[in-house]
Structures are given as C-alpha cells and as structure tokens.
Amino acid sequence: MAETEARGGFDLHTHSVHSDGTTRPAEIAAEAASIGLAGFALTDHDTVGGWDEARDAARSTGVDFLPGIEITTKHGRSSRHLLGYGIDAGAGELFEALAEVRSSRLTRAREMVRRITVDYAITWDAVVGAEDARTVGRPHIADALVEAGYFEDRSTAFREVLHPRSPYYIGTYAIDTVEAIRMVRGAGGISVLAHPAAVRQQAAVTARELRDLTAAGLGGVELDHPENRDEWLPPLERAAAELGLAVTSASDYHGAGKPNRLGERRSSAETVARIRELVVTPN
Ligand code: AMP
Ligand code: ZN
Ligand code: FE
Ligand code: FE
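Letter by letter, the sequence shown follows residues 150 to 432 of the working numbering.
Written as structure tokens, this is what we have:
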C-alpha cells in the first residue's frame, strides 16, 4: 500500500518552470526542506533541464534528490504518462525521442493558439513566455488566457477551452509506452506508471495493461496521487502486489498552476530505496 508520512518522506512527482510548473527547481528544493521532506524527485514533462539546479539546491538545503522525468507516451490509443527515475542524462536514444516530443509540442501549441486566437485575444509570446527552453503544453496556453483576464485559473481555462473534446484541441506526438519503458531501461533508469486511475481518464488502466507493461520492464506504479479515483484503485492494488511493482505516492506539484501541494502525498524511504535498487546507473 501507499504510505503517507507527516514528516520526512519523498515527493516523487514535481514540475518546475522547465515544463509547466510555476516555480524554479531551486525553489522546490527550498520548499521541500522547509516542509520537512527527506527528499524529492523533479519530474518535468519530457525534459531533464532542471536537474542541475535541483541537485545543487537540494545539496545546499540538505534534502535528498532523485532525478526524474515524466514522459509523454501512448499505449494503443490511450495517453499514458510514464515517470522515469535515475536515467543517465547522456543516453542518446531516449533524448532523441524526447527532443521529438518537445518539438511536436511546440508545433501543436502554435496550432492550438492559432485556433484559439480566432476567439480569444492572446499572443504566442504570452504563451511561451520568458523560459524558451521549457517543454510547452496546454498549461502555458491556460496561463496566457488567465493573464488576459478570460479565466480565473488554469483549471477553469482547461474546463472551458483546453479539454480534449474542445474544438481548439490538438493531440501531440507521444512515444509508444513500451518503447519508452525500453528506452528508460536502456538509459539505466526505472519506469513508474504515473496516475493510472486519474479522474480525467475515461477509465483506469486495467490490471491486464499493468501486467503487459510490467512484462515490458515497468518497475512501479503511482497508486497514491491526488487525481487517482479511489474506486478505480482496488484491482490495480491487487495487480501491483502480484506483479511485485514498487508503489509510489506523490503530489504532482505544479507550483501555483494546480491545487496540488508539495508533499501532500509522500513515498517512504523504503520505497525510494527500492526504486534506487532498480536503477542501473546510480545518479
Ligand atoms: P499537455 O501535455 O500539453 O496536453 O497538457 C497536460 C498537462 O496539463 C498535464 O501536466 C496536466 O498536469 C495539466 N492539466 C491537465 N488537466 C488540467 C486541469 N484541468 N487543470 C490544470 N492543469 C491540467
Ligand atoms: Zn504537468
Ligand atoms: Fe501526468
Ligand atoms: Fe505530472
């Protein structure tokens, strides 16, 4: 079962300004220290650009740091977010694939903004902002809509304009989940399936799918996540136990971009030790 600790513990899923979070990696490290986390993982979408800053800040604030990433993948027709921990930042194949994801995200965001500007007065500059190296996504379009005064927060902008059934919506390139698991493994890391029962999905990931992904090399599953729907969890809990998967807890912190608070869900030191054991390249 997933564990939550009042003090200590690790938040294994956070986003910074390198993707769609609103705080810098160093600020996450400082906040982690101030709320008494033992450590955290930075898991920006499709980039490891925040690792150096996060690692340095974690060292100086005395919290443990686990390098991570959240990869945009697709299994069959279903979107799946795959967390990768402890990957070697010099690995070629995975990073080439990630560069393709980021470039597709840019093209897709431009096209979505083109559609949206027919009805809403926002600019591309307001969407990409000052951080030109970050992974662009719908949250940045949401922020531009909020900034222009149309909606009060990201969540409302998603509900009104950016959801997948919206006429403005366009999908983005995603790596096949099985391929991504293989590439993470090839890069010395370990994959954990993110929020498998997220409310925004039409249905939870099935036990069968979890088995298939485990056969492909998946090492864990994020069963404790603020957006997982509790009623969907029991079959996944049983499957995770049978398959011997590591079970993680995390907040999916996005700074001011989402209501999720840093450290609201925490993995135990034992869970983190297990994940580290599965990592080939200590990092
Ligand atoms: P994208 O990858 O560009 O399609 O955008 C997906 C990102 O948007 C994910 O990281 C989510 O955290 C975020 N997101 C999805 N739905 C919402 C929502 N209703 N409110 C705020 N953020 C959301
Ligand atoms: Zn995000
Ligand atoms: Fe996600
Ligand atoms: Fe996330």
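Just so you know, even glycine gets a beta-carbon here, dropped at the ideal spot from N, CA and C.
Under 7 Å: does the beta carbon of H164 sit that close to some heavy atom of ligand 2?
On the sequence shown, position 15 is the one that residue 164 refers to. Checking the Cβ of H164 against ligand 2 gives yes.
Which residues in the same chain as L186 place their Cβ atom closer than 8 Å to its Cβ, once the five residues preceding and following it in sequence are excluded?
Residue 186 sits at position 37 when you count from the first residue of the sequence shown. Here the set comprises G157, G158, F159, D160, V212, L411, G412, R415.
Would you tell me roughly how many angstroms separate the C-alpha atoms of T192 and H164, rounded to the nearest one?
Stepping through the sequence shown from its first residue, residue 192 is reached at position 43. Stepping through the sequence shown from its first residue, residue 164 is reached at position 15. Taking the straight line from one Cα to the other gives about 6 Å.
Could you spell out the range, first to last residue, of the beta strand (DSSP E) harbouring F189?
Sequence index remark: in the sequence shown, residue 189 carries index 40 (1-based). F189 -> beta strand (DSSP E) spans 188-191.
So, helix, strand or coil for S417, using DSSP?
Your numbering for residue 417 matches position 268 in the sequence shown. S417 falls in the coil class under three-state DSSP.
Using only the alpha-carbon positions, how far apart do I184 and G278 sit?
Position 35 of the sequence shown holds residue 184. Position 129 of the sequence shown holds residue 278. Taking the straight line joining both Cα atoms gives about 30 Å.
Any heavy atom of ligand 3 within less than 7 Å of residue CB: hits in chain order
E219, H230, A343, H344, D401
Just tell me which of H374, L392, H194, Y317 has its CA closest to the CA of P408.
Here residue 408 is taken as the residue at index 259 of the sequence shown, counted from 1. Of the candidates H374, L392, H194, Y317, the one whose C-alpha sits nearest the C-alpha of P408 is H374.
At the level of alpha carbons, what is the spacing between N398 and L372?
Position 249 of the sequence shown, counting from 1, holds the residue named residue 398. Position 223 of the sequence shown, counting from 1, holds the residue named residue 372. The question names Asn, yet the displayed sequence has Ser at residue 398. Each residue's alpha carbon lies about 7 Å from the other.
So, with DSSP's three-state summary, where would you put P216?
Position 67 of the sequence shown, counting from 1, holds the residue named residue 216. In the structure shown, P216 sits in a strand (DSSP, three-state: E or B).
Backbone secondary structure at A151 - three-state DSSP:
Position 2 of the sequence shown holds residue 151. A caution first: A151 carries a pLDDT of 45, below 50, which makes its placement in the model unreliable, though a value can still be read off. Note: A151 maps to coil in three-state DSSP.
Ends of the beta strand (DSSP E) at T397?
As a first step, residue 397 must be located in the sequence shown, where it is residue number 248. Residues 395-398.
Nearest residue (CA-CA) to A422, options D169, H162, G188, P174:
Taking the sequence shown and counting its residues from 1, the one referred to as residue 422 is at position 273. When each option's Cα is compared against that of A422, the closest is G188.
Around the C-beta of S209, are 16 or more other C-beta atoms found within 10 angstroms, so that it is buried, or is it exposed?
As a first step, residue 209 is located in the sequence shown; it is residue number 60 there, counting from the start. The residue in question, S209, is exposed, as its Cβ has fewer than 16 Cβ neighbours within 10 Å.
Could you check whether the Cβ of R303 sits closer than 7 Å to any heavy atom belonging to ligand 1?
Translated into positions along the sequence shown, residue 303 becomes position 154. Yes, the beta carbon of R303 sits closer than 7 Å to at least one heavy atom of ligand 1.
DSSP three-state assignment for E301, whether helix, strand or coil:
Taking the sequence shown and counting its residues from 1, one reaches residue 301 at position 152. It is coil, neither helix nor strand.
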